[in-house]
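Heads up: the structure comes next, in structure tokens.
2 protein chains.
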Amino acid sequence: MMKTLAHLTFAGLLAAAPAMADPAPVLDPEIRAQAEALMAAGLADDVGLEFTESLTTEIGPRLAGSDAEWRARQWAMIKLKDLNFQQAYIESFNIPYWERVTETASVVGDNPQPLLITALGGSTSTAKGGIDAEIVRFTSLADLKSAPADSLKGKIAFIDEPMVRSQDGSGYGAAVAKRSGCAAAAASAGAEACLIRSVGTDSHRLPHAGGMSREGALGVLPAAALAAPDADQLARLLQRGPVKVHLDIQARTSASAASGNVIAEVEGTSLKDEIVLIGCHLDSWDLGTGAIDDAAGCGIVVAAARLIQALPAKPKRTIRVVLYGSEEVGLFGGKAYAAAHADDLGKHVLAAESDFGAGRIWRLRTGFGEGALPYAEAMQDVLAPLGIIPGNNTATGGSDIGVLGAAGVPIASPDQDGTDYFDLHHTADDTFDKIDPDAFRQNVAAYAALTYLAAETGWDFRKPVEPETIDN
Amino acid sequence: MMKTLAHLTFAGLLAAAPAMADPAPVLDPEIRAQAEALMAAGLADDVGLEFTESLTTEIGPRLAGSDAEWRARQWAMIKLKDLNFQQAYIESFNIPYWERVTETASVVGDNPQPLLITALGGSTSTAKGGIDAEIVRFTSLADLKSAPADSLKGKIAFIDEPMVRSQDGSGYGAAVAKRSGCAAAAASAGAEACLIRSVGTDSHRLPHAGGMSREGALGVLPAAALAAPDADQLARLLQRGPVKVHLDIQARTSASAASGNVIAEVEGTSLKDEIVLIGCHLDSWDLGTGAIDDAAGCGIVVAAARLIQALPAKPKRTIRVVLYGSEEVGLFGGKAYAAAHADDLGKHVLAAESDFGAGRIWRLRTGFGEGALPYAEAMQDVLAPLGIIPGNNTATGGSDIGVLGAAGVPIASPDQDGTDYFDLHHTADDTFDKIDPDAFRQNVAAYAALTYLAAETGWDFRKPVEPETIDN
């Protein structure tokens, strides 16, 4: 789809401004009215917040593959049944398992003091009792990568790169490279271990967890993230001379642990084999209770679907809510879903996922066929009263639906305001109190309307640009 | 002094409005100009910030009575010598010692999950391996106190009272009662242990440490503070039914540990046996690096005194900077100072202390003789360009100089804006990055001018109301 876009840049521009090229389709006034009624209901919804409160309170942290994630699936099945979904089931799969056991670090020598760290997912264990090694600081992963082989023999590499705050989360991509790459690069230079400044935008003593790779592979070294103030402290101490750190990380792994996706459906009518998928993930990192990442996303999509489920007349297409498992440690749920449904991905007419906190949605991006852009415009026009502006057509799907997008499933991306998201992301501070109920409800409203429009209109979001448009 | 104030309310009101009753003294223009020059120098000062950065970086946490507090005293002696103070010395004393060893809590049963706590200073240890007990929630210390004897047999009392945010810190007095009183009240009702919602205004997973009593006495039970989100979580779980918590606190105590006050002086000239005391405390709680509590206070008063020390002509009175030890665990430094100087407290013409963070000073309160209120007005008039308004005359001194105030030493209280102070107070988050350099320098400017005026004018801040003023 990206390739098509590149080939059709000029046509794409025309299509992105359909008022000039192609008038927006006239949305059936009854469908529009129903979507607007759903938005109003979403703004007054309590089901989503209650779902989120219940998951974060009763289950709490739910690391992928853990007993807690198992309990979360059972909890979700009961909740979905209570919410009257017509179908709810679990699709199981297995993952490689990693969990932290202990993690401590401290400066040793003339300035002895503790440092607050959290091991990165996939970190290996240090020797029992820990290691003592000198710190070598780098300001980027690229700098570490350029360190000569064996130059870090007996040392700990420290990548001290800050993250840029941004509304759309684009600072994350740049900052997360050091988390993914630190251990491998440090190992190449002969280091004993790797420390990074937390991938986050806050300045609290709450280090940010996170996996070393998106494939969930075990890392090659002990690796941990320092809380931002601890990274500052280490940098200040290094300005004064050599610094030695005691690092003790013990982790436990298992080749295989049970995980699964929990799925609920609002069965469609005249087009019931066509699927509008809205997703989130059920697992969380272990430090917090996974409220904004991603209990909130699950509460939002479940509440949106439930509002539609409660309508007297069900929409034409089937709405499938997928609460993915094991997202955090390697996108396992997303891949398992795509594999299990490989034969009917062509029936997935649209996919959207809520996995960027609980901030207000400010923009609607899409990843549609160029000929379907008028539908994007029509959707945004309905959502506009919620304070949602049009975005571009480059959406490829987030963590769990990216694999669907890559397989050609059209994507809708209602973009949340993530300005503060990385203050909390993957930390112990990701708890229910951080959710703004009004912003949360705005999300429910938007998802309810968007999902309803996709399910009821019968629009083809894959629609290619028609030849006459190209020739215009 | 309070009694006099009560007896002379009307006269006091007159004195508080000296423009009507008694014109403000004409401040010698040269003295005023010098004070203004000191303010300008304070606003550009780097010494105080460097002092604070160095203490928090090189020593880090410095629990009263610990090796780290000992190192802080040696560090301070070297710094004060480097800053050219004419005199620097340590007055030693001993304290009972308490330190945390381990502290963990978790919900057990159907909703198993960790709770983030920190043991309160003076907490006893639980049985090795911890205890499991049901939680009984109270919304105030008064409620717990009214629990019948033996009604909490085998239970853990939980006081879940929030703290009110306030600029002047007055929310602390109300909130801290539960920290001081929880263990004793819980023990009276037969409980096994006591938990409190942290005494703080934030909502981070960073529990607030603090002593159980101002006397540093060992508590009667294991006691700990929950981080605010963990208190929320416990309250939500209790709404669903009984909750059992596993609590494991191990603490270490010693009957006697070394502490001390570090003192530096700017020797006066014609009135050199009269002392203007400006103080702070050198010790900190152990979780953070004690940046706003109270390395900043020490940086502020040291920098202010050093600006005066660097003047070509020293002021008439002696300026004594006292970096108190062991404030946090029982105000031991303040009491030791008052005891050691009991015979010359009459020579202490004024005392002020900086121990409320690093926020801007917004108000000058005093605890002067009623006849000396014109001097308060004159001081505030000089400080006004820093954004400092007049306060009342009820200041009695903070933690370490309260004992001086009670003994009749006049008090100046340059009140810092503490709106955010209790977000960080006694948590791991109390680190150098939290200090706003501009606000810090405003403090240095105010302390430099105030201290200089007190030392150079020869004003008598004890001055009683004169009979003719009463008769007006």
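The listed protein sequences derive, respectively, from chains A and B. For the first sequence, the numbering used here gives the first residue as 1, with consecutive numbering after it. For the second sequence, the numbering used here gives the first residue as 473, with consecutive numbering after it. For glycine and all other residues, C-beta sits at the position ideal for the given N, C-alpha and C.
Check	Outcome
Endpoints, beta strand (DSSP E) assigned at residue 886 (chain B)	883 to 888
Touch test, the region 156 to 166 of chain A against the region 194 to 203 of chain A, Cβ-Cβ under 8 Å, three pairs minimum	yes
Neighbourhood of residue 542 (chain B) by C-beta, 7 Å cutoff - its chain only, sequence neighbours within 5 removed	730
Proximal residues to residue 707 (chain B) (C-beta, below 8 Å), its chain only, five neighbours per side dropped	609, 632
Reference residue 288 (chain A); option with closest CA among A:442, A:403, A:57	A:57
Secondary structure of residue 493 (chain B), DSSP reduced to three states	Per-residue confidence for residue 493 (chain B) stands at a pLDDT of 45, beneath the threshold of 50, marking its modelled position as unreliable; the derived number appears in the next sentence. Note: residue 493 (chain B) maps to helix in three-state DSSP.
Through-space distance from residue 406 (chain A) to residue 396 (chain A), alpha-carbon basis	7 Å
With 16 other Cβ atoms within 10 Å as the buried cut-off, status of residue 561 (chain B)	exposed
For residue 552 (chain B), the three-state DSSP class (helix, strand or coil)	helix
Straight-line Cα distance separating residue 292 (chain A) from residue 511 (chain B)	47 Å
Assigned secondary structure, residue 444 (chain A) (DSSP; H/G/I helix, E/B strand, else coil)	helix
Residue environment, residue 933 (chain B), which counts as buried when at least 16 other CB atoms sit within 10 Å	buried
Interface flag, residue 700 (chain B) vs chain A, CB-CB below 9 Å	yes
Chain A contact for residue 489 (chain B) (CB, 9 Å cutoff)	With a pLDDT of 43 at residue 489 (chain B), under the threshold of 50, the predicted position of this residue should be treated as unreliable, and no value is reported.
Selection of the region 658 to 687 of chain B by Cβ proximity to chain A, strictly under 8 Å	675, 676, 677, 678
Contacting positions in the region 533 to 556 of chain B - beta carbon closer than 7 Å to chain A	533
Residue 735 (chain B) vs residue 783 (chain B) beta-carbon contact at 9 Å	no
For residue 570 (chain B): DSSP bridge partner residues	B:725
Residue span of the alpha helix (DSSP H) that contains residue 812 (chain B), given as start and end	804 to 812
Separation of residue 339 (chain A) from residue 401 (chain A), as counted between CA atoms	12 Å
Contact list for the region 564 to 590 of chain B against chain A, Cβ threshold 9 Å	579, 582, 583, 584, 585, 586, 588
CB contact below 9 Å: residue 852 (chain B) versus chain A	no
Option in A:126, A:320, A:294 with minimal Cα separation from residue 326 (chain A)	A:294
Alpha-carbon to alpha-carbon, residue 746 (chain B) and residue 493 (chain B)	The predicted model places residue 493 (chain B) with a pLDDT of 45, which falls under 50 and marks its position as unreliable, so this point remains unresolved.
Residue 237 (chain A) to residue 182 (chain A) span [Cα, whole Å]	21 Å
Close beta carbons around residue 891 (chain B), own chain, < 8 Å, minus the five adjacent residues each side	637, 638, 639, 831
C-beta contact flag for residue 63 (chain A) and residue 284 (chain A) at 9 Å	yes
Neighbourhood of residue 147 (chain A) by C-beta distance below 6 Å, restricted to the same chain and skipping five residues each side	189
Any chain A beta carbon closer than 9 Å to residue 709 (chain B)	yes
Chain A contacts from the region 882 to 902 of chain B (Cβ-Cβ distance under 7 Å)	900, 901
8 Å Cβ shell around residue 914 (chain B) - same chain, five flanking residues per side excluded	514, 515, 832, 833, 858, 859
Contacts that residue 328 (chain A) makes with chain B (C-beta to C-beta distance below 9 Å)	Under the 9 Å cutoff, chain B gives no residues; its nearest Cβ is about 17 Å from residue 328 (chain A).
9 Å Cβ cutoff, residue 359 (chain A) in contact with chain B	no
Assigned secondary structure, residue 731 (chain B) (DSSP; H/G/I helix, E/B strand, else coil)	strand
Alpha carbon of residue 526 (chain A) to alpha carbon of residue 426 (chain A), nearest angstrom	The structure shown does not extend to residue 526 (chain A), since chain A is modelled only from 1 to 472, so the question has no answer here.
Outcome for residue 370 (chain A) when other beta-carbon atoms lying within 10 angstroms are tallied against a minimum of 16	buried
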